[in-house]
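Novice: Encoded as structure tokens, here's the structure I'll be asking about.
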Amino acid sequence: MFHSSYQAGFLSILYSIGSKPLQIWDSQVRNGHVKRITDEDIQSSVLEIMGSNVSTCYITCPANPKQTLGIKLPFLVMIIKNMKKYFSFEVTILDDKNIRRRFRASNYQSTTKVKPFICTMPMRLDEGWNQIQFNLSDFTRRAYGTNYVETLRVQVHANCRIRRLYFSDRLYAEEELPPEFKLFLPISQQPPAAAAEQRDIEATDVPQAAPVAQ
1 MFHSSYQAGF LSILYSIGSK PLQIWDSQVR NGHVKRITDE DIQSSVLEIM GSNVSTCYIT
61 CPANPKQTLG IKLPFLVMII KNMKKYFSFE VTILDDKNIR RRFRASNYQS TTKVKPFICT
121 MPMRLDEGWN QIQFNLSDFT RRAYGTNYVE TLRVQVHANC RIRRLYFSDR LYAEEELPPE
181 FKLFLPISQQ PPAAAAEQRD IEATDVPQAA PVAQ
């Protein structure tokens, strides 16, 4: 999708305030819902994904299963709300061995497991809104000993609320971000500097996978 696009700075793939936030996404819903609502904490529109089973309620990008994102920016940033329920997301990348790898993070897992084609890892969320920063290049190198080339697909499962999902060329300090990429709580609830809690997914404890037979 973005293979021929100039990629630098920020590249947003979902913004809950946009006229069609799921324009390039497909949604799969069983015993749940994916809808836009007004969040009481930020008093603004967000996308809510809720379901009784995380595996059967999700959104995936690109919408066409035959397409890939082709995003080369190495940092995925997600502004999401902790709903105090099971939640997971998955990113499929391509490395310099031309192998597709999947990284799946969830808040119901306690240990990191690396298999040749998938790495599953725990994720801890603070209460309320969180900014998840995922260094795909670092994870690829630590888990597989290879180099990150591009992101092919992003899939977000229940249960969460989403403000924005975007890729960036590096991690930016709060004061460097454009206003529309920040999440401010209303002044009546928090001081102006209080945005989403920042949460880095750590790659320090990722065991290395065995080489894949070619």
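Using full-length UniProt numbering, the first residue of the sequence shown is number 1, and each one after it goes up by one. Positions of the beta carbon are idealized from the N, C-alpha and C atoms, including for glycine.
1) For I37, count neighbouring Cβ atoms within 10 angstroms of its own Cβ and tell me buried if that reaches 16, exposed if not.
2) Applying the 10 Å Cβ sphere with the 16-neighbour rule, what's the burial state of I80?
3) Below 6 Å CB to CB, which residues in the same chain sit around N159 once its five sequence neighbours on both sides are set aside?
4) Fully enclosed by the region 32-82, which beta strand (DSSP E) runs are 3 residues long or longer?
5) Confirm, please, whether the CB-CB distance from L11 to P21 is below 8 Å.
6) Candidates E180, R153 and G128: which alpha carbon is nearest L136's?
7) Could you check what DSSP says for F181 in three-state terms: helix, strand or coil?
8) If we ignore side chains and look at the alpha-carbon of each, how far apart do I118 and S45 end up?
9) R104 to I93, Cα distance in whole Å?
10) Going by CA-CA distance only, name the one from V91, L177 and Y144 that's closest to V114.
11) Along the chain, which unbroken stretches of the alpha helix (DSSP H) at least 4 residues long are found entirely within the region 123-149?
12) Report back the beta-carbon spacing between I71 and V34 to the nearest angstrom; my notes put them in contact at under 8 Å.
13) Say the cut is 7 Å; is the CB of A143 nearer than that to a heavy atom of the ligand NAP?
14) Out of curiosity, what's the CA-to-CA distance linking E127 and F134?
15) Are the CB atoms of I162 and L47 nearer to each other than 8 Å?
16) Can you check whether the C-beta of N98 is within less than 8 Å of a C-beta belonging to chain C?
17) Alpha carbon to alpha carbon, how far is S188 from I132?
18) Just tell me which of G32, T56, D96 and C57 has its CA closest to the CA of Y148.
19) Count the other C-beta atoms from every protein chain shown that fall within 10 angstroms of the C-beta of N53, then say buried if there are 16 or more, exposed otherwise.
Specialist: The short version:
1) Sixteen is the threshold: since fewer than 16 other Cβ atoms of the shown chains lie within 10 Å of the Cβ of I37, the residue is exposed.
2) buried
3) Excluding sequence neighbours, N159 sits near M50, M83, K85 and F87.
4) 32-39, 44-51, 57-61 and 75-82
5) no
6) R153
7) helix
8) If I take the Cα positions, the gap works out to 33 Å.
9) Cα to Cα, the separation comes out at about 11 Å.
10) If we check each option's Cα against that of V114, Y144 comes out closest.
11) 136-144
12) Not confirmed; about 22 Å, so no contact.
13) No copy of the ligand NAP occurs in the structure displayed, which carries no ligand at all.
14) Each residue's Cα considered, the two are about 19 Å apart.
15) yes
16) In the structure shown, chain C does not exist; there is a single protein chain.
17) Bear in mind that the predicted position of S188 carries a pLDDT of just 47, short of 50, making it unreliable; the figure below should be weighed with that in mind. Going from the Cα of S188 to the Cα of I132 covers about 25 Å.
18) Taking only the C-alpha atoms, the option nearest Y148 is D96.
19) Counting Cβ neighbours within 10 Å, N53 comes out exposed, since fewer than 16 surround it.
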